[in-house]
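Participant:
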Amino acid sequence: MRIGRPGAWVILGTLGVLVAIVVPELGSDPWPFHPPSVHPHGLLGPLVRAAGRHWDLGFVRTPGIVAGFVVALFALAGRRWRAWRADVLAALVVLVALALLVPAVVLQVGLRRATAPWYDDNDSTYQIEIAGDLIRHGHDPYGRDYTGTGLEHWYPAAGFPVGRKQVALHHLAYFPGTPLTAAAWGVLPHPLDDYRFFVLLCTLALFAAALAFRGPLALRIALGTVAVANPLVVRAVWFGTADAPALLCLLLAFALLSRRRLVWAALALGLAVLLKQFALVAAPFLALMLLATRPSRAVVRNAAVAFAAPLVVGIVPFLVADPGGLWRDTIQYGGSTYRIIGYGLSSLFLKAGLVDNRYSSYPFVWLLILMWLPVTVWLLWQQRREARMWTGAVSFAVSMFVLLFISRVFQTSYLVWPLIGIVAAALLANADDEHPRARTDVAGEVDGRELQPVAPGT
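Sequence positions in the sequence shown follow numbering that gives the first Met the number 0 and run 0 to 457.
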């Protein structure tokens with residue numbers, strides 16, 4: 000397939016902008032680990048030695064610069080082409096994504112293998128791996144004390160003051176899908192069993208999920224580039240933030256809806272919720288999007304079953320084992336237990352003296368009822384009136400941001416959730432069925448029928 004000159008330059012420009020934004024900050028602000036010794040060995044040992052046995056920004060950033068140079072060379076060579084091969088442009092996206100994502104991950108994992116498991120990792124990823132190991136050995140990871148598992152060593156290693164209360168040692172804040180995937184991934188040999196490699200693969204798959212939408216190919220490639228190589232997801236992989244699996248399932252749910260694969264979309268949403276609580280926010284918006292297609296009762300019933308199936312299979316065993324532990328760890332923990340951090344409303348309350356300290360009570364439930372719920376209901380009402388798919392994705396992004404803003408914890412990494420909603424909305428707004436009238440798009444396509452291929456250079 001071919002993409003017209005305007006669409007190709009949109010893709011190349013997107014790649015250039017992302018390289019220019021991501022590379023200068025790539026690998027910055029890591030946890031201040033200072034292991035007593037580093038002994039590179041195994042598969043990643045040569046890479047650790049090449050990086051000087053420490054977190055080397057040159058090792059992490061240089062591949063991104065080289066990938067940007069390759070993109071510039073292609074742009075220079077094809078400046079007069081009337082059309083570009085789509086697979087060449089997609090390959091450039093994959094090249095840039097790999098250059099931005101892989102070096103930092105392999106260096107972090109290599110350094111971790113050369114020291115101890117509580118170095119060069121994030122406490123969340125480390126705890127997820129421990130939870131997966133507990134599941135493999137037949138133990139419930141919820142409602143337990145993680146002191147003695149090795150996690151307690153992470154906090155002093157990362158520079159936290161000795162004696163500070165670490166509530167994460169007594170809670171596993173992730174829905175069962177995350178430790179279950181860690182249990183499965185953990186059977187791989189070292190160092191591939193590091194959960195960040197699974198997160199890396201899911202992050203790369205975001206590009207494929209964007210291509211799965213209907214609509215102009217050039218736009219799908221450009222927005223897929225944003226999904227797979229934006230600063231938030233790039234940092235998340237090496238730093239150890241495990242949102243990518245749930246984000247992948249969520250973006251796939253939107254993509255499958257755009258192709259009227261309603262039951263599969265519901266299944267993808269169910270998997271997203273099983274992996275991360277945040278995906279619950281998308282459920283009512285996706286439900287209205289599904290109903291807007293006027294499906295038969297049988298399809299609605301099958302979609303409901305598909306959505307519920309992974310939740311029943313993944314959550315019920317843990318509810319049976321310890322319902323109180325699951326509730327306290329995954330719901331109560333984030334709403335009232337964890338200390339106030341971030342730049343949202345809770346931090347403003349703290350600065351204004353409305354709460355005493357970072358461990359004081361915070362009126363999240365009241366804010367949820369009085370602020371987030373009315374906003375979400377209004378967004379759902381507007382979505383129902385518009386009856387367009389893209390409004391559902393936009394509404395999800397707005398509702399998600401409001402929820403994050405009023406929450407007790409507002410990590411900047413959470414912003415990737417509304418960002419993916421915006422990407423999905425842009426893709427849905429340009430889907431073929433959203434524009435029934437004939438028009439020429441930036442990819443040089445008319446009504447979804449591609450123009451006749453023109454050889455590069457003609």
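Think of the CB as a built atom: it goes at the ideal place given N, C-alpha and C, for glycine as much as any other residue. Note that the structure is predicted; figures quoted are calculated from it, not measured.
Going by Cα to Cα distance, which pick from Arg-407, Val-311, Thr-375, Phe-400 is closest to Arg-357?
Facilitator: Nearest option by C-alpha distance: Arg-407.
Participant: Taking Ala-281 as the reference, which of His-189, Gly-420, Leu-255 has the closest Cα?
Facilitator: Cα-wise, what sits closest to Ala-281 is Gly-420.
Participant: Along the chain, where does the beta strand (DSSP E) containing Ile-2 start, and where does it finish?
Facilitator: 1-3 is the extent of the beta strand (DSSP E) around Ile-2.
Participant: Go through its chain and collect everything with a Cβ distance to Ala-156's Cβ below 7 angstroms, but skip five positions before and after it.
Facilitator: Excluding positions up to five away in sequence, the list reads Phe-32, Trp-117, Tyr-118.
Participant: For the structure I just gave you, are there three or more beta carbon pairs, one from the stretch 193-201 and one from the stretch 95-110, closer than 8 angstroms?
Facilitator: The stretch 193-201 is in contact with the stretch 95-110.
Participant: So is Pro-296 buried or exposed if we call it buried at 16+ other beta carbons inside 10 Å?
Facilitator: In the sequence under discussion, the amino acid at residue 296 is Arg, which differs from the Pro named in the question. Looking at its Cβ environment, which holds fewer than 16 other Cβ atoms inside 10 Å, Arg-296 is exposed.
Participant: In the DSSP assignment, find the unbroken alpha helix (DSSP H) run with Arg-84 in it and report its ends.
Facilitator: Where Arg-84 is concerned, there is no enclosing alpha helix (DSSP H), although the beta strand (DSSP E) it sits in stretches over 82-84.
Participant: Tell me, please, which residues DSSP counts as bridged to Phe-409.
Facilitator: Per DSSP, Gly-341.
Participant: DSSP state of His-169, grouped into three classes?
Facilitator: Correct three-state label for His-169: helix.
Participant: Cβ of Leu-14 within 8 angstroms of Cβ of Val-93?
Facilitator: No, these two residues do not count as a Cβ contact at 8 angstroms.
Participant: Quick check on the burial criterion: 16 or more other C-beta atoms within 10 angstroms. Buried or exposed for Trp-365?
Facilitator: Label assigned to Trp-365: exposed.
Participant: Round the Cβ separation of Leu-418 and Asn-229 to the nearest angstrom and send it over; I've been treating them as touching at under 8 angstroms.
Facilitator: About 7 angstroms separates the two Cβ atoms, so the contact holds.
Participant: Around the C-beta of Arg-448, are 16 or more other C-beta atoms found within 10 angstroms, so that it is buried, or is it exposed?
Facilitator: Caution applies to Arg-448, whose pLDDT of 39 falls short of 50 and renders its modelled position unreliable; the value that the coordinates give is listed next. The residue in question, Arg-448, is exposed, as its Cβ has fewer than 16 Cβ neighbours within 10 Å.
Participant: Let me know if Arg-79 comes out buried or exposed under the rule of 16 or more other beta-carbons within 10 Å of its beta-carbon.
Facilitator: By the neighbour-count rule (16 or more Cβ atoms within 10 Å), Arg-79 is not buried but exposed.
Participant: If you follow the alpha helix (DSSP H) that Val-354 is in, where does it begin and where does it stop?
Facilitator: It is not in any alpha helix (DSSP H) - Val-354 carries neither H nor E in the DSSP assignment.
Participant: Helix, strand or coil for Gly-6? Go by DSSP, reduced to three states.
Facilitator: If DSSP states are grouped into helix, strand and coil, Gly-6 belongs with the helices.
Participant: Rounding to the nearest angstrom, what Cα-Cα distance links Arg-436 and Leu-379 in this structure?
Facilitator: In this prediction, Arg-436 scores a pLDDT of 38, lower than 50, which makes its location untrustworthy; no coordinate-derived value is stated.
Participant: CB-CB under 6 angstroms to Pro-309, same chain, minus the five flanking residues each way: which ones, in chain order?
Facilitator: Excluding positions up to five away in sequence, the list reads Gly-269, Leu-270, Leu-273.
Participant: Classify Tyr-342 as buried or exposed, calling it buried when 16 or more other Cβ atoms lie within 10 Å of its own Cβ.
Facilitator: Under this definition Tyr-342 is an exposed residue.
Participant: Leaving aside the five residues before and after Leu-25 along the sequence, list all residues of the same chain whose C-beta is less than 7 angstroms from its C-beta, in chain order.
Facilitator: So the qualifying residues of the chain are Val-59, Arg-60, Gly-63, Leu-99, Ala-103, Val-233.
Participant: Just checking, does the stretch 158-167 make contact with the stretch 208-224 on the three C-beta pairs under 8 angstroms criterion?
Facilitator: Not touching, per the Cβ criterion.
Participant: Please check the pair Asn-141 and Leu-325, which I expect to be a contact at CB under 8 angstroms, by giving their CB distance rounded to whole angstroms.
Facilitator: The question names Asn, but residue 141 in the sequence shown is Tyr. 5 angstroms between Cβ atoms; contact.
Participant: Measuring alpha carbon to alpha carbon, tell me which of Gly-185, Met-288, Gly-109 ends up nearest Leu-133.
Facilitator: Minimum Cα distance to Leu-133 is reached at Gly-185.
Participant: What does the alpha-carbon distance come out to for the pair Thr-292 and Arg-259?
Facilitator: Near 8 angstroms, if we compare the C-alpha coordinates of Arg-259 and Thr-292.
Participant: Name the two residues that bound the continuous alpha helix (DSSP H) containing Tyr-361.
Facilitator: It is not in any alpha helix (DSSP H) - Tyr-361 carries neither H nor E in the DSSP assignment.
Participant: Mind reading off the beta-carbon distance from Arg-1 to Ala-85? Whole number of angstroms is fine, and I expect it under 8 angstroms.
Facilitator: Rounded, the Cβ-Cβ distance is 7 angstroms, consistent with contact.
Participant: Assuming Leu-179 and Gly-313 form a contact by the criterion Cβ under 8 angstroms, report the distance between their Cβ atoms to the nearest whole angstrom.
Facilitator: At roughly 6 angstroms, the Cβ-Cβ gap stays under 8 angstroms, so Leu-179 and Gly-313 are in contact.
Participant: Using the Cα positions of Arg-195 and Gly-158, report the straight-line distance between them to the nearest angstrom.
Facilitator: Distance between the alpha carbons of Arg-195 and Gly-158 is about 22 angstroms.
Participant: Determine the burial state of Gly-109: buried for a count of at least 16 other Cβ atoms within 10 Å of its Cβ, exposed for fewer.
Facilitator: Answer is buried; the Cβ neighbour count reaches 16.
Participant: Just the Cα atoms here: how many angstroms apart are Pro-244 and Phe-253?
Facilitator: Answer to the nearest angstrom: the Cα atoms are 15 angstroms apart.
Participant: Applying the criterion that 16 or more other CB atoms from any shown protein chain within 10 Å of the CB defines a buried residue, is Ala-454 buried or exposed?
Facilitator: Confidence at Ala-454 is low in this model, with a pLDDT of 40, below 50, so its placement is unreliable and no value can be given for it.
Participant: For the alpha helix (DSSP H) containing Glu-385, name the first residue and the last one.
Facilitator: Per DSSP, Glu-385 belongs to the alpha helix (DSSP H) from 372-385.
Participant: Could you check where the alpha helix (DSSP H) with Val-315 kicks off and where it finishes?
Facilitator: From DSSP, the alpha helix (DSSP H) with Val-315 extends over 296-320.
Participant: Considering Thr-180, what are the terminal residues of the alpha helix (DSSP H) in which it resides?
Facilitator: That run of the alpha helix (DSSP H) goes 176-184.
Participant: Considering only residues of the same chain and omitting the five flanking positions on each side of Ala-208, which have a CB-CB separation below 8 angstroms?
Facilitator: Once the five neighbours on either side are set aside, the close Cβ partners of Ala-208 are Gly-223, Ala-226, Leu-247, Leu-250, Leu-251, Ala-254.
Participant: Would you kindly work out how many angstroms separate the C-alpha atoms of His-40 and Val-47, rounded to a whole number?
Facilitator: When rounded, the distance between both Cα atoms is 9 angstroms.
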